[in-house]
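Novice: The sequence shown runs contiguously to residue 1499 in my numbering. Where a beta carbon is used, it is the ideal one built from N, C-alpha and C, also for glycine. The model shown is predicted, which means the values in this text are computed figures rather than measured ones. Here's a structure for you.
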Amino acid sequence: VPTCTNGVTALLDHDDQLTPDALFEIALAVLNHAPDAVYSDEDKMSVEGRLFDATFKPDWSPEFLTSTMYIGHLTAYRTAIVRKIGGFRSDFDGTQDYDLALRVAQVTNRFIHIPKILYHWVAIPGSTADVLSAKSYAIERQKKAITEFVEKNAKTSFEVMPHYSTGNWRVVYSPPSPPLLSVLSYQVLDVWEISSDFKLIF
């Protein structure tokens, strides 16, 4: 990051491939929307050049980002923001892209999704593109990065727990005390009746 000279910094692995229009689409999104971060859809490529496992992503969701590094590649950030938050942290090697995305999300909500595949993630045998658990040390670092992110805004205690597969997480919040309850009804009378019942109970 210290050597970047342009206003936007894109992240990619050295052995992966961009589509011919990738940089054009990034530039177009920056010019039209002035975002602080841009991400595209992606797929994987075998070492023989076969494309597979296309990933079509949803639009920006900070909540979903605490579950998995769904923005993936291709991702580009406003260079000034990356420098502002201190760039990559060596304590998070192996999951540095995820940690960076979470820390950028702490200071801005201006993420733009380009709904086009612009990135081919080459699935070299033994890489995380081939098997996510290839970097097992990165899993606990993911949990640490998510925990730091949630702590910034959490209004109650929480726990970051493994979810249904490796690299997926679930943030479980403790209910407030006393717990809050919302009642939806199409008739005012029903609400009054329910309120009366609760008063009798509590």
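Can you give the Cα-Cα distance for Leu1477 and Ile1436, rounded to whole angstroms?
Specialist: To locate residue 1477, count along the sequence shown from 1; it is residue 180. To locate residue 1436, count along the sequence shown from 1; it is residue 139. Their Cα atoms are separated by approximately 34 Å.
Novice: Taking 8 Å as the cut-off, decide whether the C-beta atoms of Thr1453 and Ser1479 are in contact.
Specialist: Position 156 of the sequence shown, counted from the first residue, corresponds to residue 1453. Position 182 of the sequence shown, counted from the first residue, corresponds to residue 1479. For Thr1453 and Ser1479, no; Cβs fall outside 8 Å.
Novice: Can you name, in chain order, every residue of its own chain whose Cβ lies under 6 Å from the Cβ of Val1468, other than the five neighbours on each side?
Specialist: To locate residue 1468, count along the sequence shown from 1; it is residue 171. Excluding positions up to five away in sequence, the list reads Thr1363, Val1447, Phe1455, Val1457.
Novice: Ordered along the chain, which non-local residues of its own chain (more than five positions away) have a Cβ less than 6 Å from that of Val1335?
Specialist: Sequence index remark: in the sequence shown, residue 1335 carries index 38 (1-based). Cβ neighbours of Val1335 beyond the five flanking positions: Ile1323, Ala1326, Ala1373, Ile1409.
Novice: Which residues share a DSSP beta bridge with Arg1467?
Specialist: Numbered from its first residue, the sequence shown carries residue 1467 at position 170. According to DSSP, which records beta bridges pairwise, Arg1467 is partnered with Met1458.
Novice: For Leu1399, which residues in the same chain have their Cβ closer than 6 Å to its Cβ, ignoring the five residues on either side in sequence?
Specialist: On the sequence shown, position 102 is the one that residue 1399 refers to. The answer, listed in chain order, is Ala1442, Phe1446.
Novice: Just to confirm, are Leu1315 and Leu1309 a CB contact at a threshold of 8 Å?
Specialist: One-based indexing of the sequence shown puts residue 1315 at position 18. One-based indexing of the sequence shown puts residue 1309 at position 12. Contact flag set, yes.
Novice: Considering just the uninterrupted stretch of the alpha helix (DSSP H) at Lys1441, what are its terminal residues?
Specialist: Taking the first residue of the sequence shown as position 1, residue 1441 is located at position 144. Residues 1434 to 1448.
Novice: Run through DSSP, which three-state label would Tyr1367 get?
Specialist: Working through the sequence shown from its first residue, we reach residue 1367 at position 70. Coil, per DSSP.
Novice: Whose C-alpha, out of Thr1365, Gly1391, Thr1392, is nearest the C-alpha of Pro1355?
Specialist: As a position in the sequence shown, residue 1355 is number 58, starting the count at 1. Taking only the C-alpha atoms, the option nearest Pro1355 is Thr1365.
Novice: Return yes when the Cβ of Asp1338 is within less than 8 Å of the Cβ of Val1401, no when it is not.
Specialist: In the sequence shown, counting from the first residue as 1, residue 1401 sits at position 104. In the sequence shown, counting from the first residue as 1, residue 1338 sits at position 41. No. Outside cutoff.
Novice: What are the boundary residues of the alpha helix (DSSP H) that includes Pro1412?
Specialist: Counted from its first residue, the sequence shown places residue 1412 at position 115. From DSSP, Pro1412 is part of no alpha helix (DSSP H) but of the beta strand (DSSP E) over 1408 to 1419.
Novice: What are the boundary residues of the alpha helix (DSSP H) that Val1379 is part of?
Specialist: By one-based count along the sequence shown, residue 1379 stands at place 82. Element bounds for Val1379: 1376 to 1381.
Novice: Whole angstroms are fine: how far does the CA of Leu1481 sit from the CA of Asp1427?
Specialist: Counting from one through the sequence shown, the residue named residue 1427 turns up at place 130. Counting from one through the sequence shown, the residue named residue 1481 turns up at place 184. Model confidence at Asp1427 stands at a pLDDT of 48, short of 50, so the residue's coordinates are unreliable and nothing is read from them.
Novice: Pick out the complete beta strand (DSSP E) segments inside the region 1322 to 1357, 3 residues or longer, and give them in chain order.
Specialist: 1334 to 1342, 1348 to 1352
Novice: With a Cβ-Cβ cutoff of 8 Å, do Tyr1416 and His1370 count as a contact?
Specialist: Position 119 of the sequence shown holds residue 1416. Position 73 of the sequence shown holds residue 1370. Cβ atoms of Tyr1416 and His1370: closer than 8 Å.
Novice: Taking DSSP as the reference, what is the three-state secondary structure of Leu1308?
Specialist: As a first step, residue 1308 is located in the sequence shown; it is residue number 11 there, counting from the start. Note: Leu1308 maps to strand in three-state DSSP.
Novice: Compare the beta carbon distance of Gln1439 and Tyr1395 with 8 Å and say whether it is the shorter of the two.
Specialist: As a position in the sequence shown, residue 1439 is number 142, starting the count at 1. As a position in the sequence shown, residue 1395 is number 98, starting the count at 1. Yes, the Cβ-Cβ distance between Gln1439 and Tyr1395 is below 8 Å.
Novice: Could you check what DSSP says for Leu1315 in three-state terms: helix, strand or coil?
Specialist: In the sequence shown, counting from the first residue as 1, residue 1315 sits at position 18. Reduced to three states, the DSSP call for Leu1315 is strand.
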